[in-house]
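Taking the working numbering, the leading residue of the sequence shown gets 4, the next gets one more, and so forth. The beta carbon of each residue, even a glycine, is placed where N, CA and C say it ideally should be. None of these values were measured; they are calculated from a predicted model. Remarks on the structure that follows.
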Amino acid sequence: MEYDNRIIYGDNLEGLRYLLTELNLAGSVRLIYADPPYGTNQTFTITEDRQATISRARNGRIAYADKYSRKEYLEFLGRRLELMRELLADDGSIYLHIDLKMGHYVKCLMDDVFGGDRFINDITRVKCNPKNFQRKGYGNTKDIILFYSKTPEYVWNHPREAIDIEKDPRFKNADKDGRRYTTTPLHAPGETANGRTGRKWRGMLPPPGRHWRYPPDELDRLDDLGLIEWSSTGNPRKKIFADEVKRRGVKVQDVWVFKDPQNAIYPTEKNLSMLRRIVGASSNEGDLVLDPFCGAGTTLKAAGVLDRRWIGIDASPIAVDLCRETLHDYDLIPLCADNALSEAGSNERMGQEDSRTSTTKRLFRPPLRNIPG
Ligand SMILES: C[S@@+](CC[C@H](N)C(=O)[O-])C[C@H]1O[C@@H](n2cnc3c(N)ncnc32)[C@H](O)[C@@H]1O
């Protein structure tokens, strides 16, 4: 199916319905990243000199207001999540970013909409450095991302990350060639009823309540290659070499450090590297990625760089203007009066220097296209 990149300006309740009914995209979206307002009871503003201050203060233009009671908030989100589920492909998934005040209620809502059995992860995102909080209690440096899939068969490209192996005390042994290594058990928890990994290998059963990590022929192969270390008491363990771990990296776990950008152009703008991880892990090239609360378009940028197609929706004219400045090759679909949007003359602003990295500027400052009027 053919579809173009799109920015939809308007309430996403309407926007999501538009995608379902006008564009017939039910079951077509591989990945949704949703970063809604968090029910903070705050108004987020932006000053003209957007490099300098982005705040929740009373001054500045309102970027968006986040004023819901908990009940209103959960109703607001629930209605939209239902539509998002309809849009998801059977092998699609959704990441919902939320803070800790609402997070546990939203987890229950997500369980209702997607099914508790489709819950995959509750990712801790470290968002800032430790601060000297005044209140009685521990400082809050994290929020959470709830990751669900539509069905058990979902796109998954396990991301890996670099590890500083040089100072890692686990790799204290060296083999005859001087390669540093550590060892791990050859068995894992859980007994197999009749499987090959529950049988004797070299005359040994796995310890009670455990099974061999590999079938016997694979254990033989590893041993022949010298990849198993035998202790003086005859206990076999698998060798893991530091240089291989360094080359491969390690599989990403569920605690992520992606601090909010220092030079954000929009309140609550998220970290582009974090979105690249999400898009890379849960979609493939050419897939359609949707962000129904797209703000300054961080998800859309990540999707574009990784050769996915994308749709972003936002009700804030400031957010949509920022997307128009920094993205290219899309159709703008205004579902509400577009006179709140600036003239496409944000070209002028595009010429300005800002404090984002030169890479970001190069990648995301192409000419505006496809803008009506
Ligand atoms: C937390 S911010 C998203 C920030 C974004 N992830 C980024 O990196 O810039 C939430 C966004 O949701 C938008 N929003 C709130 N209610 C909305 C609605 N009903 N329809 C569409 N957008 C909405 C706000 O305008 C705001 O831009």
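Taking only three categories from DSSP, how would you classify residue i?
{"i": "Pro337", "result": "strand"}
{"i": "Tyr141", "result": "coil"}
{"i": "Pro211", "result": "coil"}
{"i": "Thr185", "result": "strand"}
{"i": "Gly30", "result": "coil"}
{"i": "Ile166", "result": "coil"}
{"i": "Glu85", "result": "helix"}
{"i": "Asn266", "result": "coil"}
{"i": "Asp317", "result": "strand"}
{"i": "Glu194", "result": "coil"}
{"i": "Tyr21", "result": "helix"}
{"i": "Val308", "result": "helix"}
{"i": "Phe47", "result": "strand"}
{"i": "Arg202", "result": "coil"}
{"i": "Asp324", "result": "helix"}
{"i": "Ala299", "result": "coil"}
{"i": "Val292", "result": "strand"}
{"i": "Tyr76", "result": "helix"}
{"i": "Val255", "result": "coil"}
{"i": "Glu247", "result": "helix"}
{"i": "Pro239", "result": "strand"}
{"i": "Glu351", "result": "For Glu351, the predicted structure reports a pLDDT of 32, less than 50, and the residue's modelled location is therefore unreliable. The matter cannot be settled from this model."}
{"i": "Glu232", "result": "strand"}
{"i": "Asp93", "result": "strand"}
{"i": "Arg216", "result": "coil"}
{"i": "Thr329", "result": "helix"}
{"i": "Asn160", "result": "coil"}
{"i": "Thr271", "result": "coil"}
Can you tell me whether residue i sits near ligand 1, meaning its C-beta is under 7 Å from at least one heavy atom of the ligand?
{"i": "Leu309", "result": "no"}
{"i": "Thr43", "result": "no"}
{"i": "Ser276", "result": "no"}
{"i": "Tyr38", "result": "Sequence check: residue 38 is Asp here, not Tyr. Correct: Asp38 has its Cβ closer than 7 Å to ligand 1."}
{"i": "Asp14", "result": "yes"}
{"i": "Ala318", "result": "yes"}
{"i": "Cys297", "result": "yes"}
{"i": "Lys273", "result": "yes"}
{"i": "Ala245", "result": "no"}
{"i": "Thr50", "result": "no"}
{"i": "Tyr269", "result": "yes"}
{"i": "Tyr98", "result": "no"}
{"i": "Thr301", "result": "yes"}
{"i": "Tyr217", "result": "no"}
{"i": "Tyr67", "result": "yes"}
{"i": "Ala165", "result": "no"}
{"i": "Ala305", "result": "no"}
{"i": "Ala191", "result": "no"}
On the DSSP bridge list, what partners appear for residue i?
{"i": "Leu278", "result": "In DSSP, Leu278 forms no bridge with anything."}
{"i": "Ser285", "result": "Its beta-bridge partners do not exist; DSSP assigns none."}
{"i": "Asn176", "result": "Tyr184"}
{"i": "Ala37", "result": "Leu99"}
{"i": "Phe150", "result": "Tyr98 and Asn124"}
{"i": "Asp69", "result": "Gln45"}
{"i": "Arg64", "result": "Ile49"}
{"i": "Arg224", "result": "Its beta-bridge partners do not exist; DSSP assigns none."}
{"i": "Tyr12", "result": "Asp317 and Pro337"}
{"i": "Val260", "result": "Val129"}
Using 10 angstroms around the beta-carbon of residue i, count the other beta-carbons present and answer buried if the total reaches 16, otherwise exposed.
{"i": "Thr329", "result": "buried"}
{"i": "Thr187", "result": "exposed"}
{"i": "Leu208", "result": "exposed"}
{"i": "His190", "result": "buried"}
{"i": "Thr195", "result": "exposed"}
{"i": "Cys111", "result": "exposed"}
{"i": "Ile126", "result": "buried"}
{"i": "Asn274", "result": "buried"}
{"i": "Gly289", "result": "exposed"}
{"i": "Cys131", "result": "exposed"}
{"i": "Ile11", "result": "buried"}
{"i": "Gly63", "result": "buried"}
{"i": "Val2", "result": "The structure shown does not extend to residue 2, since the chain is modelled only from 4 through 376, so no value can be given for it."}
{"i": "Lys304", "result": "buried"}
{"i": "Ala318", "result": "buried"}
{"i": "Gly348", "result": "Low local confidence applies: a pLDDT of 33 at Gly348 is under 50, so the model's placement there is unreliable, with the coordinate-based value given in what follows. By the 10 Å Cβ count, Gly348 comes out exposed."}
{"i": "Gly95", "result": "buried"}
{"i": "Ser234", "result": "exposed"}
{"i": "Lys153", "result": "buried"}
{"i": "Arg83", "result": "buried"}
{"i": "Gly193", "result": "exposed"}
{"i": "Phe117", "result": "buried"}
{"i": "Tyr141", "result": "exposed"}
**Request:** For the stretch 102-146, list the beta strand (DSSP E) runs that are entirely contained and at least 3 residues long, ordered along the chain.
**Result:** At a cut-off of 3 residues, the continuous stretches assigned as beta strand (DSSP E) that sit fully inside the stretch 102-146 are 122-129.
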